[in-house]
Amino acid sequence: MNELRALEPDFWRAPSAHNTQPWTLTYEDDRVTVGWDPDRALPVSDPTGRDLRLGLGAFVECCLIVCASAGLPVAFDADPGPLRVGHLRRAAQTYATPFATADVRARGANRGDYHPGRLPDELVAGLTGMRRVPCRDLADLLHAADLHQYGSPEVTRELRQWLRLTRRHRRYLLDGLSDRALRLTRLEAVALRASLALYPALRPLGLPRVLAGASRGLLDHDGDVLVLTGPAGDEVEQGRLLLRHWLTLSAAGYTTHPLSQIIDSPGTRRELAARLGVADPSSLLHIARVGRPRSPAPPSARLRG
1 MNELRALEPD
11 FWRAPSAHNT
21 QPWTLTYEDD
31 RVTVGWDPDR
41 ALPVSDPTGR
51 DLRLGLGAFV
61 ECCLIVCASA
71 GLPVAFDADP
81 GPLRVGHLRR
91 AAQTYATPFA
101 TADVRARGAN
111 RGDYHPGRLP
121 DELVAGLTGM
131 RRVPCRDLAD
141 LLHAADLHQY
151 GSPEVTRELR
161 QWLRLTRRHR
171 RYLLDGLSDR
181 ALRLTRLEAV
191 ALRASLALYP
201 ALRPLGLPRV
211 LAGASRGLLD
221 HDGDVLVLTG
231 PAGDEVEQGR
241 LLLRHWLTLS
251 AAGYTTHPLS
261 QIIDSPGTRR
271 ELAARLGVAD
281 PSSLLHIARV
291 GRPRSPAPPS
301 ARLRG
């Protein structure tokens, strides 16, 4: 299985919350164990590990697609255990997928402005488990979720650990959320760095409301938000499905901007479930706005590649 090592730069193109890239590969003679580094988890903002498992599922799917594109017959066996989700192994035939390495490389998140317009009905109909909501219908929930996020010192501290708001940051080209990925101007990045550095003093003076206000207009346009629903506890498989959906959208010229804070906040999660007619709020697994970007996003930093 050592032949997979040369493909790792493309494996690492998989998406992850805060771009933490938590996955690990441990090579053995006849298999490769897919696990994760606990130091790259988000125990505060993702206490149930939902986003972690979704990201690991997306990583597994990414590995299978890249291996198939290289002509390597590889399969995945789920085997949940301490710090692992399963194993990649040799298979009798290559993984059946309509996607290739080029699709993996082309996919990316875009937090910039989108052109107005709704997704075609036939495109959404092919996205299993996805629920579509007009952007403007969720603007109030996004603001409430941002207030909740920035109002929590623990969540804000964890977010700050993964922000790369200056190119002098020692991990700027490796991981995390850079100023470029967040589409911040130099002045905006400096202001955000200063605000977060002074968070303990400024929080009682209303800093969370100021920070939440930065995204107030994000959903004030004619567009769509997609919500992935599925059984709780099956997030690895749902993460594989999510990556396939993102690659489908990318091939059609669309990109995504995750809005996980809406389902990370208990209050907005319950309200979103009620609006969607979903009985179990824990079945809301992922949420993102989707559209055609007005300008391309810079490639996100990667540990390998």
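Just so we're aligned, residue 1 is where the sequence shown starts under my numbering, counting upward by one. No residue lacks a Cβ here, since even glycine has one placed at the ideal position from N, Cα and C.
Residue from the options with nearest C-alpha to residue i
i	options	result
Leu-303	Arg-168, Pro-22, Pro-73 and Glu-3	Pro-22
Gly-57	His-169, Ala-14 and Gly-126	Ala-14
Arg-216	Leu-127, Ala-145, Thr-128 and Tyr-114	Ala-145
Pro-73	Glu-61, Arg-89 and Gly-81	Arg-89
Phe-59	His-148, Thr-33 and Thr-48	Thr-33
Arg-160	His-286, Leu-42, Leu-284 and Glu-28	Leu-42
Ala-212	Ser-178, Leu-142 and Asp-103	Leu-142
Val-225	Leu-7, Val-44, Leu-192 and His-286	His-286
Thr-48	Ile-263, Ala-301, Ala-273 and Asp-10	Ile-263
Trp-246	Val-227, Gly-233 and Leu-205	Val-227
Glu-3	Ser-16, Thr-20 and Tyr-27	Tyr-27
Arg-111	Val-66, Ala-251, Leu-272 and His-18	His-18
Ala-6	Cys-63, Asp-39, Gly-55 and Asp-46	Cys-63
Thr-156	Asp-46, Ala-273, Ala-297 and Pro-298	Asp-46
Val-104	Asp-79, Tyr-150, Glu-61 and Pro-231	Glu-61
Arg-50	Pro-38, Asp-39, Ala-232 and Asp-79	Ala-232
Residue range of the unbroken beta strand (DSSP E) whose run includes residue i
i	result
Asp-224	224–229
Ala-297	From DSSP, Ala-297 is part of no beta strand (DSSP E); its letter is neither H nor E.
Ala-75	74–81
Trp-162	Where Trp-162 is concerned, there is no enclosing beta strand (DSSP E), given that its DSSP letter is neither H nor E.
Pro-258	255–258
Pro-134	130–134
Leu-88	84–90
Thr-340	Because the chain here runs from 1 to 305, residue 340 falls outside it and cannot be looked at.
Beta-carbon contacts of residue i that lie in its chain and below 8 Å, excluding the five residues immediately before and after
i	result
Gly-117	Asp-222, Gly-223, Gly-291 and Arg-292
Thr-248	Leu-123, Gly-126 and Leu-127
Asp-30	Met-1, Arg-89 and Arg-90
Pro-200	Pro-153
Three-state secondary structure assigned by DSSP to residue i
i	result
Leu-285	strand
Thr-156	helix
His-169	coil
Tyr-114	strand
Pro-9	helix
Ser-215	coil
Val-44	coil
Leu-4	helix
Leu-177	strand
Ala-252	coil
Ala-279	coil
Continuous alpha helix (DSSP H) stretch holding residue i: start and end
i	result
Trp-23	From DSSP, Trp-23 is part of no alpha helix (DSSP H) but of the beta strand (DSSP E) over 23–27.
His-143	139–151
Thr-94	Looking at the DSSP string, Thr-94 is not in any alpha helix (DSSP H), and its letter there is neither H nor E.
Ala-125	121–125
Own chain partners of residue i with C-beta closer than 6 Å, once the 5 adjacent residues on each side are dropped
i	result
Gln-93	Pro-73
Arg-84	Thr-33 and Gly-35
Beta-carbon separation (whole angstroms), residue i vs residue j, contact threshold 8 Å
i	j	result
Gly-239	Arg-53	6 Å
Pro-298	Ala-197	Not confirmed; about 25 Å, so no contact.
Any C-beta of chain D under 8 Å from that of residue i
i	result
Val-104	As a matter of chain content, chain D is missing from the structure shown, which is built from one protein chain.
Cβ-based neighbour list, residue i, same chain, cut-off 7 Å, excluding 5 preceding and 5 following
i	result
Pro-208	Leu-147, Tyr-150 and Gly-151
Val-278	Thr-229 and Leu-284
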